[in-house]
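Below is one structure, written out as structure tokens; comments come after it.
In the numbering used here, the protein residues as written are 1 to 130.
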């Protein structure tokens, strides 16, 4: 009987340790923490084209929708539409910030055409100094 209780206690300790590790390394938790601290974080499942990706930068949350297509030699993500979840949080953002986001997206999806939805699209299309 004592051996069974020891086995149950050891199994419980291993299970709790496993759950703690999963919590600490959970990307969604890291994303939420980055939103709160107004830092940068890219949250994406690169292997799953059907799942949108999320980016946070300076407290603003951006969502990107991926579209699969063909390149010269494979099926890859060829088009991405990105928008801000709350356009009011874009105050203070510059073109350089969006160029940084494009660069980060291209690291995972080099063959994709990145399209921004309004109001970011208008900023990106406007000429400098106009």
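Beta carbons: idealized from backbone N, C-alpha and C, even for Gly. Keep in mind it's a predicted model, so treat the numbers as computed, not measured.
Original post:
With C-beta atoms as the reference, is residue 61 less than 8 angstroms away from residue 85?
Top reply: On the chain shown, position 61 is the one that residue 61 refers to. On the chain shown, position 85 is the one that residue 85 refers to. Contact flag set, yes.
**OP:** Could you tell me how far apart the beta carbons of residue 79 and residue 33 are, in whole angstroms, since I believe they sit closer than 8 angstroms?
**Re:** Counted from its first residue, the chain shown places residue 79 at position 79. Counted from its first residue, the chain shown places residue 33 at position 33. Incorrect: roughly 30 angstroms between the Cβ atoms, too far for contact.
Original post:
Are the beta-carbon atoms of residue 82 and residue 68 separated by less than 8 angstroms?
Top reply: What you label residue 82 is simply residue 82 of the chain shown in a count that begins at 1. What you label residue 68 is simply residue 68 of the chain shown in a count that begins at 1. Contact: no.
Original post:
Count the other CB atoms within 10 Å of the CB of residue 23; is the residue buried (16 or more) or exposed (fewer)?
Top reply: Against the chain shown, residue 23 aligns to sequence position 23. The residue is exposed, with fewer than 16 neighbouring Cβ atoms inside 10 Å.
Subject >> Beta-carbon proximity of residue 97 to residue 57, cut-off 8 angstroms >> reply: Mapped onto the chain shown, residue 97 falls at position 97. Mapped onto the chain shown, residue 57 falls at position 57. Yes, the pair counts as a contact, with Cβ atoms nearer than the cut-off.
Original post:
What's the C-alpha gap between residue 31 and residue 15?
Top reply: Residue numbering aside, residue 31 sits at position 31 when the chain shown is read from its first letter. Residue numbering aside, residue 15 sits at position 15 when the chain shown is read from its first letter. About 25 angstroms.
Subject >> Where the beta strand (DSSP E) containing residue 81 begins and where it ends >> reply: Along the chain shown, read from residue 1 onward, the residue named residue 81 stands at position 81. Start and end: 75 to 84.
Original post:
Count the other CB atoms within 10 Å of the CB of residue 77; is the residue buried (16 or more) or exposed (fewer)?
Top reply: Indexing the chain shown from 1 puts residue 77 at position 77. Residue 77 should be labelled buried.
Subject >> Three-state secondary structure assigned by DSSP to residue 42 >> reply: Translated into positions along the chain shown, residue 42 becomes position 42. If DSSP states are grouped into helix, strand and coil, residue 42 belongs with the strands.
**OP:** Please work out which residues of its chain come closer than 6 angstroms, Cβ to Cβ, to residue 116, disregarding the five sequence neighbours upstream and downstream, and give them in chain order.
**Re:** Locating residue 116 in the chain shown gives position 116, where the first residue counts as 1. These residues qualify, in order along the chain: 82 and 124.
Original post:
Of all the options 108, 109, 10 and 101, which has the alpha carbon lying nearest to the alpha carbon of residue 39?
Top reply: Here residue 39 corresponds to residue number 39 of the chain shown, with the count starting at 1. Answer by Cα proximity: 101.
**OP:** Mind checking which residues open and close the alpha helix (DSSP H) that includes residue 2?
**Re:** What you label residue 2 is simply residue 2 of the chain shown in a count that begins at 1. It spans 2 to 24 - the alpha helix (DSSP H) in which residue 2 sits, taken as one unbroken run.
Subject >> Bridge partners - residue 69, DSSP secondary structure assignment >> reply: What you label residue 69 is simply residue 69 of the chain shown in a count that begins at 1. DSSP lists 76 as partners of residue 69.
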